[in-house]
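Okay, so here's the structure we're looking at.
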Amino acid sequence: SAVISQKPSRDICQRGTSLTIQCQVDSQVTMMFWYRQQPGQSLTLIATANQGSEATYESGFVIDKFPISRPNLTFSTLTVSNMSPEDSSIYLCSSDRNTEAFFGQGTRLTVV
Amino acid sequence: GNSVTQMEGPVTLSEEAFLTINCTYTATGYPSLFWYVQYPGEGLQLLLKATKADDKGSNKGFEATYRKETTSFHLEKGSVQVSDSAVYFCALISGGYQKVTFGTGTKLQVIP
């Protein structure tokens with residue numbers, strides 16, 4: 010399966026600031042997905058990112074809060090904007106190949 | 202829409218005990234089914250998968266069989282080890298839109 014490098018692996022941020030998470034795939038992929046995993050919870054899809062078009066957001070998530078870039082077929086970023094303690098979560102990027110989903114290592118974000 | 206239901210945890214077992222984690226699903230079309238594992242402090246890893254009815258996925262002593270008639274994909278292991286302590290997520294991908302639908306996760310704790 011393909012490999013996704015995600016960074017940072019963890020960060021502690023002040024409320025009101027923004028953090029950008031990067032994911033680099035080792036080969037070209039059509040779609041990339043961003044998930045959030047709140048403490049003790051399952052994974053929730055934030056948005057789907059295709060290269061060359063605006064990301065598609067799931068219910069409850071908006072572009073102003075979670076802007077996404079997808080400049081080419083191997084890279085994507087997710088920004089968590091104007092952070093509050095409620096944004097403390099693990100954020101994961103994902104893509105798929107041959108009906109299998111593979112994930113980055115995750116970014117553990119703590120907002121203080 | 203698609204959904205995955207898995208048994209609630211935590212599940213606590215003694216070493217060498219038999220493990221079953223139940224998972225049932227609802228999906229349009231013919232989904233591919235997965236079990237992912239998340240070890241403490243780590244990202245999500247694919248444990249096993251099955252892409253069509255009656256397929257059996259297996260890895261590291263874990264097995265799960267795709268049962269279309271009961272829409273189930275239960276995870277089993279004959280003899281668990283302390284190192285199997287983790288959170289296990291049942292998941293599916295269905296249709297041409299390859300986003301993953303996850304269950305809520307089941308925490309497994311194996312005690313010596």
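Residue numbers (the numbering used here), protein chains in the order written: chain A, 10 to 121; chain B, 202 to 313.
Heads up, the beta-carbon is just placed ideally off N, CA and C, and yes, glycines get one too.
All figures in this text were calculated on a predicted structure; none of them were measured in a lab.
Partners in chain A for residue i, counting only beta-carbon separations shorter than 9 Å
i, result
"B/ILE294", "ASP105, THR108, GLU109, ALA110"
"B/THR307", "Those do not exist, as B/THR307 stays about 10 Å from chain A at its closest Cβ, beyond 9 Å."
Listed by chain order, chain B residues near residue i by CB distance under 7 Å
i, result
"A/TYR70", "For the record, residue 70 of chain A in the displayed sequence is Phe; it is not Tyr. Correct list: empty, because the minimum Cβ distance to chain B is about 13 Å."
"A/GLN114", "GLY244"
7 Å CB neighbourhood of residue i in its chain, flanking five on each side removed
i, result
"A/ASN81", "GLN60"
"B/LYS269", "ALA254"
Boundaries (first-last residue) of the beta strand (DSSP E) holding residue i
i, result
"A/VAL34", "28-34"
"A/ASP20", "19-22"
"B/ASN203", "Counting along the chain, B/ASN203 falls outside any beta strand (DSSP E), and DSSP gives it neither H nor E."
"B/THR221", "220-222"
"A/THR114", "Reading the sequence as shown, one finds Gln at residue 114 of chain A and not Thr. Premise fails: A/GLN114 is in no beta strand (DSSP E) and is neither H nor E."
"A/LYS74", "Where A/LYS74 is concerned, there is no enclosing beta strand (DSSP E), given that its DSSP letter is neither H nor E."
"A/THR88", "84-89"
C-beta contact flag for residue i and residue j at 8 Å
i, j, result
"A/ALA56", "A/ARG79", "no"
"B/CYS224", "B/GLY306", "no"
"B/TYR237", "B/LEU220", "no"
"A/VAL89", "A/ARG24", "no"
"A/ASN91", "A/SER27", "yes"
"B/LEU214", "B/VAL281", "yes"
"B/SER204", "B/THR227", "yes"
"A/GLY113", "B/GLY210", "no"
"B/PHE290", "A/SER51", "yes"
"A/TYR44", "A/LEU101", "yes"
Residues of its chain near residue i, where Cβ-Cβ distance is below 8 Å and the 5 sequence neighbours each way are ignored
i, result
"B/LYS300", "ILE294"
Under 7 Å by beta carbon: chain A residues contacting residue i
i, result
"B/GLY304", "SER51"
"B/LYS300", "PHE42, LEU54, THR57"
Close Cβ partners of residue i (< 6 Å) along its chain, the five nearest in sequence each way excluded
i, result
"A/ILE99", "GLN46, GLY115, ARG117"
"B/VAL288", "GLN239, GLY306, LYS308"
"A/THR86", "THR29, GLN31, SER78"
Under 9 Å from the C-beta of residue i: neighbouring residues of chain B
i, result
"A/LEU101", "GLY244, LEU245"
"A/GLN33", "Correct list: empty, because the minimum Cβ distance to chain B is about 15 Å."
Contacts of residue i in chain A (Cβ-Cβ under 8 Å)
i, result
"B/LYS253", "Simply none; closest approach about 10 Å."
Quiz prompt | Under 9 Å (Cβ pairs) to chain A, residues found in the stretch 209-241 of chain B | solution = Taking 9 Å as the Cβ-Cβ cut-off against chain A, the residues of the stretch 209-241 of chain B that qualify are SER233, PHE235, TYR237, GLN239.
Self-check item: Contact residues within the stretch 255-283 of chain B, judged by C-beta distance below 8 Å to chain A
Solution: Interface annotation for the stretch 255-283 of chain B against chain A: empty, criterion Cβ-Cβ distance under 8 Å.
Quiz item: When you check each C-beta in the stretch 48-60 of chain A against every C-beta of chain B, which residues fall closer than 9 Å?
Solution: Correct list: GLY49, GLN50, SER51, LEU52, THR53, LEU54, THR57.
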